[in-house]
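The structure under discussion appears below in the form of C-alpha cells.
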Amino acid sequence: MKADFQQLTETTSPALQRPELLAPAGNWECAKAAVENGADAIYFGLDRFNARMRAENFTEADLPELMEYLHSRGVKGYVTLNTLVFPQELREAQQYIRSIIAAGVDAVIVQDIGICRLIRHISPDFPIHASTQMTITSAAGVEFAESLGCNLVVLARECSLNEINKIQSQLAYRGTSLPLEVFVHGALCVAYSGQCLTSEALGGRSANRGECAQACRMPYDLIADGETVNLGDKKYLLSPQDLGGLEVLPDLVKSGVACLKIEGRLKSPEYVANVTRVYRQALDRVMVELEKKEGKEDAAMEQIPSSPPLKGGNNKAPLVKGSQRVAEVSRHVLYAGEPVHRSGSSVVATGVGWGDQERYNLEMAFSRGIYTGWFRGINNQELLHARFGKKRGVYLGEVTRIGNEQVTVRLKAPVKAGDGVVFDCGHPEAKEEGGRIYAVERKGKETVLTFGRRDVNWRRVHVGDKVWKTSDPELDKQLRQSFAGDTPQFQRPISIEVHGEVGQNLVAIARDELGHVIQIESSIPLVEAHTKPLTTERLHEQFGRLGNTPFRLGNLTNNLNNELMLPVSELNRMRREIVTQLEELRKKPKRWQINPSASLSDLLPSPSPNHSTTPSLIVLVRNLKQLQAALQAGIETIYCEFEDPRKYREAVEMVRQRQEKGQGALVKGHRASGIGKKTNSQSPIPTIWVAPPRITKPGENWILQQVSACEADGYLVRNYDHLQFFVDDRCVGDFSLNVANPLTADFLKNQFGLERLTASYDLNINQLEDLLKSSPPDWFEVTIHQHMPMFHMEHCVFCAFLSTGTDFRNCGRPCEKHEVKLRVRGAFPKESRVGTEHILHADAGCRNTVFNGTAQTGAEYVQRLIGLGLRHLRIEFVNETPEQVTQTIHNYQKLLHGEITGSQLWRELKLQNQLGVTRGSVTH
2 MKADFQQLTE
12 TTSPALQRPE
22 LLAPAGNWEC
32 AKAAVENGAD
42 AIYFGLDRFN
52 ARMRAENFTE
62 ADLPELMEYL
72 HSRGVKGYVT
82 LNTLVFPQEL
92 REAQQYIRSI
102 IAAGVDAVIV
112 QDIGICRLIR
122 HISPDFPIHA
132 STQMTITSAA
142 GVEFAESLGC
152 NLVVLARECS
162 LNEINKIQSQ
172 LAYRGTSLPL
182 EVFVHGALCV
192 AYSGQCLTSE
202 ALGGRSANRG
212 ECAQACRMPY
222 DLIADGETVN
232 LGDKKYLLSP
242 QDLGGLEVLP
252 DLVKSGVACL
262 KIEGRLKSPE
272 YVANVTRVYR
282 QALDRVMVEL
292 EKKEGKEDAA
302 MEQIPSSPPL
312 KGGNNKAPLV
322 KGSQRVAEVS
332 RHVLYAGEPV
342 HRSGSSVVAT
352 GVGWGDQERY
362 NLEMAFSRGI
372 YTGWFRGINN
382 QELLHARFGK
392 KRGVYLGEVT
402 RIGNEQVTVR
412 LKAPVKAGDG
422 VVFDCGHPEA
432 KEEGGRIYAV
442 ERKGKETVLT
452 FGRRDVNWRR
462 VHVGDKVWKT
472 SDPELDKQLR
482 QSFAGDTPQF
492 QRPISIEVHG
502 EVGQNLVAIA
512 RDELGHVIQI
522 ESSIPLVEAH
532 TKPLTTERLH
542 EQFGRLGNTP
552 FRLGNLTNNL
562 NNELMLPVSE
572 LNRMRREIVT
582 QLEELRKKPK
592 RWQINPSASL
602 SDLLPSPSPN
612 HSTTPSLIVL
622 VRNLKQLQAA
632 LQAGIETIYC
642 EFEDPRKYRE
652 AVEMVRQRQE
662 KGQGALVKGH
672 RASGIGKKTN
682 SQSPIPTIWV
692 APPRITKPGE
702 NWILQQVSAC
712 EADGYLVRNY
722 DHLQFFVDDR
732 CVGDFSLNVA
742 NPLTADFLKN
752 QFGLERLTAS
762 YDLNINQLED
772 LLKSSPPDWF
782 EVTIHQHMPM
792 FHMEHCVFCA
802 FLSTGTDFRN
812 CGRPCEKHEV
822 KLRVRGAFPK
832 ESRVGTEHIL
842 HADAGCRNTV
852 FNGTAQTGAE
862 YVQRLIGLGL
872 RHLRIEFVNE
882 TPEQVTQTIH
892 NYQKLLHGEI
902 TGSQLWRELK
912 LQNQLGVTRG
922 SVTH
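Each residue of the sequence shown is one higher than the one before, counting from 2 in my numbering.
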C-alpha cells in the first residue's frame, strides 16, 4: 500500500540540517519499536546511575549485543548516566564508564560534573552529552559544558524557540559550535530538571537519583492570605500538559538544533513505536517543505521513495462513518479547532503541523493534554489545564443519556467496538468507571455506545460525565506489527555509483548515510550490449531489490559511457555482496580511545590539614526584618535571598552600618570572638552575601547587574551564568550546583575560585561524611536547617490561578499582593504529612519556588560533621517572624557550644528530623 508520507534520503544543504530523531528505550522491545519506526538514535539506561530507575533498563552484559543490533540498522545508542554520583560510588562508576566505552556505545548522557571529568580523563574522544539534568538555559551554560569536554548539550525544556535562537546566535558570536538537543515530545516536569527536590523532601526519594515520585501530578489546594481559593475543578495546579512539538517542527529545524528527543523510558513499546513514527513522518515532511521554500523542490522530490505503512492498516486513525468532519470535507477541514488541508492521502495541519492522524495517534499513545510547552514562550493559562494529572487519551464527548447498558454521546472523535473508555465525573483522584465498548450505533447527531452486561457500574456514571477513549486495540495491534519479527521494516537509504568500460569489471561503490563505504567488483568483465544495456533504469531496478534488508536504494549514479551488458545473475550477486559487506561494516563496534593508565585517583583532590578554627554559623534570610534579627543575634556571615533584588541595596546599607559599629568597637579593643550570645558591643563584624535568582536565561543579565549594583561583600552563585558574571567577586557556590562528590567539588573550587561550596541536598549523613573525608572539609558548608526548596519552576502559580494574565506583562503582579501556600490533597506519600501548607515564592524572573512548609534539621549530626573538620554550617529561613529567627539562631548557637543536644533542639523547635535523606543506591 502506498505510504502516507514521503521520506528524504540524503542530507540537506549545510544551511538546513536534518535533526537527529532520538527515541527512548526502557527495554529490548522498546529498542526494536524505535528502530523499526524510524528513530535515528535511542537512549537507554543501565541498572545503575540513570534517571529512570523504575524502567526495566538494560545491563552491562546486554551492551555488546544491543549496540551490534543498533549499528547494523544504522541507529546510534546513547547510555544515560544522568544522576548525581556519590563519593563511594566513583570507583564503580569508573569501571562502568570503561565498560560503556569498550562496548562501542555512541555517547553517554551525563548530569554530574565530576563524571564528565572522569569520562574525559579516561577517554579523550568518547562523546559526552550534557543532560537536561544539568539545567542549561543559556550560552554560558553551553560553554561550561564545553569546558568539561561535552560534545552536545540538552537544553532545559523551559527554553523557548526565541531563547534557543538567542543561545545559538551568542554561541556563534563567541565561536562556540556545540550542537544543541531539545525535548520535542513527552511528559513535562513542572520543575527545572536537576533542581527538583520534592520527592526527597516529601518521601525520602531523589529525582536526582532516578527515583522521582511525581509529586507534581498530585492535586493541591491553593491558599491565599490564609483562605482556600475556590478554583472549581482545577486541582492539579502543578501538572503540565504533555509536550507536543509537531506544530513548531519547522521552527526547530530552522533554529539549527541537532537533535529532537522524545521522552518516555517508562513507556510501552507501543508508545515508542507510535510517537517515533509520528515524528519521523512529520520531520520528513517538514524537511521536504523547507527544501521547497528554498527552491530545491525538484532536487528534493527526486530523492523521495516511500516508507512502509503500518501493517494491517493505512496508519490513519480508524474512523466511524460520519463521525469525523475530516471524512466529509474535500479540502479545507477543521479538526479540534485547527485548520488543516489534505496532502496526498494524509491529512496534514496547515504549516506541516497537527492533523487528525497525528493528533489521534499521539493522544492514544499517552496524553494529559498535549501542548507546545514553553516553545512559544510563557503562557501560564495554557501550560496546564489543572483538571487531571494522569493519562486520558482521546476526548469523545459528554454523556447525554444513560440506559440499558448504554450511554449516548455526541461524538467529537472516532470510536468503534472494542475500544476502551473511561467516564470522567470530575474526580480523577478517585477510582473511575469504564469498560470496553460492545457496539456503536449512530442515531442522528448522536452515537449510542453499548457495553457488556455488568461491565460497568452504572450507579457511578452520570449525565454530563466526560468520556475518554483510553484504549484502541486495533491501533495497538498495528503498532505491535510494526516491530514484530526479525525482518527489517524500516529501511535506511544507501547510494550507489557504478563505473566500468568494455573488457573491465563493473565497479559498484556503495555508501550509507553514516559514512560507511564499500566497493564491489563483478567477477566477469563488461561486454558490449546487443540487447538490454545497463541503463540507469535497469541498474536502479536490479540494485534496488533490497527487500528484507535494512537498506533501500536512494541515489544511483551511472558512470557507464557506452551501452554495456552484464548478466542479471551477476548484478544480483553484487547487490547481495553490497548488503553483506555493509552489514558487517556497520556491526563493528566503535573503537574509542581509552587511556589504560588513567585512574580516578589522578583527579581526586589532596587532603588538606585540618585547621582548628571555631565552627561558624551562617544564616540565610529572605526579608529585611529577618536580616535585622540575624544582625542582632551576632551572626557574622549573612546571606540574603530576596524576591526583589532592588531591596539588596537597603540590606547592604543595614550591614554596612553594623560594620561601622564593629570597626568602632575594634578601636576600643572590644573585638568579638567565638559563637554564642553576645551584646551589641561584642558583635563581630558581619559580612553580607546576596543571591541572584537560581535560573538565568538569555536577556536576563540585567537582573545580575541589578544584584551586583548593591556592592555586597560577596555573592551566592547558583548557575553557570553566575560563575561567569561574578568571576571577579567573592563567591560561594550554592546547593543548586549539585556538588555531590570530590571531582565536582575540585572543579568548581579551583576553576572558579569559589571560597566555599554548599554540599548537595541529595546527600544523606553518610554520604556527607564521605564527601568531607574525600575532600578538604574547609571547602564546604552544609545546610543544617531549612525549608527544603522542593519545586523550582518556570510555571507561575500566582499568574495562572490568581489572575487571567499569561505572564508578567499582564498578570497584575498578584505575587506582590498575596501570601500563597499550596496544600497536598490526599496521602502522598505517607511521609508527607498531609495538610502541611507549603510556601510559594516568586523571584525576579517570575519563577516560582515551593518550599516545604515544615522546616527540617540535621542538628543531631552536627557534632559528627564538626569532628570531620566541617566549619561552616548554614541555617535558612523563609517566612519566619523576627522572633522565630532569633529563637532558632539562639538554639543553634547553644548547639554549637554544646549547651544542648541535637535531639533537644529539634524537639524544641518541632522540626522534622531529617538531613537531605535520599533513597539512593548506597545502603548504610
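Here a beta-carbon is modelled for each residue, glycine too, at the ideal position from N, C-alpha and C.
Local conformation of residue i per DSSP, three classes
i           : result
residue 682 : The pLDDT assigned to residue 682 is 42, lower than 50, so where the model puts this residue is not dependable; a value taken from the coordinates is nonetheless given after this. It is helical.
residue 729 : coil
residue 252 : helix
residue 135 : helix
residue 747 : helix
residue 263 : strand
residue 883 : helix
residue 272 : helix
residue 646 : helix
residue 368 : coil
residue 140 : helix
residue 878 : coil
residue 626 : helix
residue 898 : coil
residue 423 : strand
residue 641 : strand
residue 321 : Confidence in residue 321 is poor, its pLDDT being 31 and thus under 50, which makes the residue's placement too unreliable to answer from.
residue 377 : coil
residue 755 : coil
residue 907 : helix
residue 298 : Low per-residue confidence applies at residue 298: pLDDT is 49, beneath 50, and the placement is therefore not dependable enough to give any value.
residue 193 : coil
residue 609 : coil
Residue from the options whose Cα sits closest to the Cα of residue i
i           : options            : result
residue 777 : 844, 742, 799, 793 : 742
residue 575 : 772, 284, 643, 509 : 509
residue 878 : 785, 862, 111      : 785
residue 875 : 619, 632, 781      : 619
residue 764 : 22, 89, 633        : 89
residue 80  : 73, 60, 800        : 60
residue 660 : 632, 647, 650      : 632
residue 63  : 48, 757, 191, 76   : 48
residue 640 : 609, 597, 687, 577 : 687
residue 78  : 97, 621, 106       : 106
Beta-carbon proximity check, residue i vs residue j, cutoff 8 Å
i           : j           : result
residue 583 : residue 513 : yes
residue 792 : residue 217 : yes
residue 744 : residue 118 : yes
residue 279 : residue 359 : yes
residue 407 : residue 448 : no
residue 374 : residue 553 : no
residue 819 : residue 387 : no
residue 557 : residue 497 : yes
residue 860 : residue 896 : yes
residue 689 : residue 845 : no
residue 802 : residue 847 : no
residue 198 : residue 762 : yes
residue 796 : residue 381 : yes
Any chain C beta carbon closer than 8 Å to residue i
i           : result
residue 386 : Annotation note: the requested chain C is absent from the structure, which comprises a single protein chain.
(message) Going residue by residue through the region 31-94, where are the continuous beta strand (DSSP E) segments of at least 3 residues, counting only ones entirely within it?
(response) 42-46, 77-82
Q.
Is it the case that the region 514-533 contacts the region 567-575, given that we only count it when at least three CB pairs across the two stretches are under 8 Å?
A. yes
- prompt: Which runs of the alpha helix (DSSP H), 4 residues or longer, sit entirely within the region 526-550?
  reply: 537-544
Q | the region 246-265 / the region 18-33 touching (three or more Cβ pairs under 8 Å) | A | yes
Exercise. Write down every uninterrupted run of the beta strand (DSSP E) in the region 426-453 whose length is 3 residues or greater and which is fully enclosed by it, in chain order.
Key: 435-444, 447-452
**Study point:** Touching by the beta-carbon criterion (3+ pairs, under 8 Å), the region 689-709 and the region 720-737
**Key:** yes
(message) Assess contact between the region 811-825 and the region 170-178, defined as three or more Cβ pairs (one per stretch) separated by less than 8 Å. Is contact present?
(response) no
Are at least three pairs of beta-carbons, each pair with one atom in the region 360-370 and one in the region 272-292, less than 8 Å apart?
yes
Requested in this report: Decide yes or no for the touch test of the region 529-538 against the region 558-565: beta carbon pairs closer than 8 Å, at least 3 of them.
Outcome: yes
- [ ] Let me know the beta strand (DSSP E) ranges lying completely inside the region 759-831, each 3 residues or longer, listed in chain order.
- [x] 781-787, 790-794, 821-825
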